Amino acid sequence: MQTLPIHFDLFAFIILLGVAQGLFLGVFFLTGKRGHSVSNRCMGWLMLALSAVIGEMFLCYTNYMFRVLTFVDFSEPLNFVMAPLFFFFVFARLRGRLPRWWGLHFVPAILWAINSISWLYQPIALKYNNYLHAYHPELPFAHEPPSYLPEDFFGIRDYIDEMTIVSCLVYNVLALVLVYRTYRQSGRPFWQRSPVRLAQLRNQSLLFLVLPPLIVIIKPQFYEDLGDYLLACYLTVIIYVTSIRVMADSSFFVDEPEPQPALPEAEAEPRKKY
Numbered sequence: 001m002q003t004l005p006i007h008f009d010l011f012a013f014i015i016l017l018g019v020a021q022g023l024f025l026g027v028f029f030l031t032g033k034r035g036h037s038v039s040n041r042c043m044g045w046l047m048l049a050l051s052a053v054i055g056e057m058f059l060c061y062t063n064y065m066f067r068v069l070t071f072v073d074f075s076e077p078l079n080f081v082m083a084p085l086f087f088f089f090v091f092a093r094l095r096g097r098l099p100r101w102w103g104l105h106f107v108p109a110i111l112w113a114i115n116s117i118s119w120l121y122q123p124i125a126l127k128y129n130n131y132l133h134a135y136h137p138e139l140p141f142a143h144e145p146p147s148y149l150p151e152d153f154f155g156i157r158d159y160i161d162e163m164t165i166v167s168c169l170v171y172n173v174l175a176l177v178l179v180y181r182t183y184r185q186s187g188r189p190f191w192q193r194s195p196v197r198l199a200q201l202r203n204q205s206l207l208f209l210v211l212p213p214l215i216v217i218i219k220p221q222f223y224e225d226l227g228d229y230l231l232a233c234y235l236t237v238i239i240y241v242t243s244i245r246v247m248a249d250s251s252f253f254v255d256e257p258e259p260q261p262a263l264p265e266a267e268a269e270p271r272k273k274y
């Protein structure tokens, strides 16, 4: 099987920084008193998931994947974890808890992980050809030995991009709707000056909402997965924006329950009839 030398340039450096920063933030949010907050735990797991996805892109883009072919497509199930975790973060930041039946939101990721089990036991030649097909179609493919397990139980691996777009779009819209309703309940205009934490949630929701259209625009411009490094750079931007907000505002770690309507004050003494 033919391999290529390591390719490390500016884009690879940016992606690597994103992986490192995402790992740092993930551990940061999940440890200490910060880990007692539901929203912080959601953000911590989200940062770790982003790091894993970006990490695979880094291995593929730099040709390191030739040396660790076992890890080809290892992060696919996490594509369906990122969007729910971000929605949970927004929900918990506003209401101080997770939505009801929150575990059901991870069913797609669990099903995809089950579908990927057989992929772990496929011959290295098959994973090598899969990597070439995505990133180096100019290289000759290796001879594949007979496979004793189907590589795709449900026949859905070819649609991972489309399904990822749908997942991101649905949950990002839900997060933005939740923030918008909070603005309305507080009587504040959505696009005008507002409390810092509420404005942060609005801006983060808009930032994540850019991801699905970005995938739609970038992916068709490149053969198979060659546009992934641009998406990795964008995900890195999201990680660094989160880092800046954490450093700029210590209240980022505190949940802000949804505002409740004020109750009328009780009278000091009951009014007598006579």
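Residue numbers (this note's numbering): 1 to 274. Yeah, the Cβ is synthetic: ideal placement off N, Cα and C, and Gly gets one too. Small disclaimer: the values here were computed from a predicted structure and weren't measured.
Rounded separation between residue i and residue j - CA only
i    : j    : result
G18  : D152 : 31 Å
A83  : D158 : 20 Å
T3   : L126 : 15 Å
L214 : P145 : 38 Å
L104 : Y171 : 13 Å
L10  : Y121 : 34 Å
Y131 : C60  : 8 Å
F66  : L174 : 39 Å
P123 : H143 : 10 Å
I244 : L25  : 11 Å
P195 : P189 : 11 Å
Q192 : M247 : 24 Å
G187 : R181 : 10 Å
L211 : C168 : 7 Å
H136 : F208 : 30 Å
V177 : F87  : 10 Å
A199 : W102 : 25 Å
L138 : Y64  : The question names Leu, yet the displayed sequence has Glu at residue 138. Approximately 17 Å, taken between the alpha carbons.
V38  : R197 : 16 Å
Y183 : T242 : 22 Å
L155 : I238 : In the sequence under discussion, the amino acid at residue 155 is Gly, which differs from the Leu named in the question. For G155 and I238, the distance between alpha carbons rounds to 32 Å.
Three-way DSSP call (helix, strand, coil) for residue i in this model
i    : result
P146 : coil
V68  : coil
D73  : coil
T182 : helix
L16  : helix
W191 : coil
V246 : helix
I6   : coil
F153 : coil
F87  : helix
S37  : coil
P212 : helix
V170 : helix
N130 : helix
M1   : coil
V237 : helix
Y121 : coil
A52  : helix
Nonlocal neighbours in the same chain, by C-beta distance under 8 Å from residue i, ignoring five residues either side
i    : result
P150 : S118
I114 : F153
F58  : A12, I15, L16, V19, Y64 and A232
Contacting residues, own chain, Cβ-Cβ under 7 Å from residue i (five flanking each side not counted)
i    : result
V216 : I165
V27  : none
I54  : I15, G18, V19, G22, A232, L235 and T236
Y240 : Q21
T62  : I6, H7, F8 and A12
L30  : R41 and G44
W112 : E76, P77 and F80
R100 : none
E162 : none
L85  : C42, W45, L46 and A49
I160 : E76 and N79
S116 : E76 and P77
P140 : Q2
Sequence-distant residues of its chain with Cβ nearer than 6 Å to residue i (five each side left out)
i    : result
F106 : none
V179 : L201, R202 and S205
A109 : P77, F80 and V81
L226 : Unreliable positioning characterises L226 in this predicted model, as indicated by a pLDDT of 47, which lies under 50. The coordinate reading is nonetheless provided below. Hits under 6 Å: none found.
S75  : A52, V53 and E56
M1   : Y128 and A142
Distance cut-off 6 Å: residue i Cβ against heavy atoms of the ligand ADP
i   : result
F71 : No copy of the ligand ADP occurs in the structure displayed, which carries no ligand at all.
Residue-chain proximity (residue i, chain D), Cβ-Cβ < 7 Å
i   : result
C60 : Chain labels in this structure do not include chain D; a single protein chain is all it has.
query = When the Cβ atoms of the region 70-90 are set against those of the region 17-36, are three or more pairs found closer than 8 Å?
reply = no
ask   = Can you find at least 3 beta carbon pairs, one from the region 79-99 and one from the region 42-57, that sit closer than 8 Å?
value = yes
message = Quick check on the DSSP output: what are the complete beta strand (DSSP E) runs of length 3 or more inside the region 93-118, in order along the chain?
response = none
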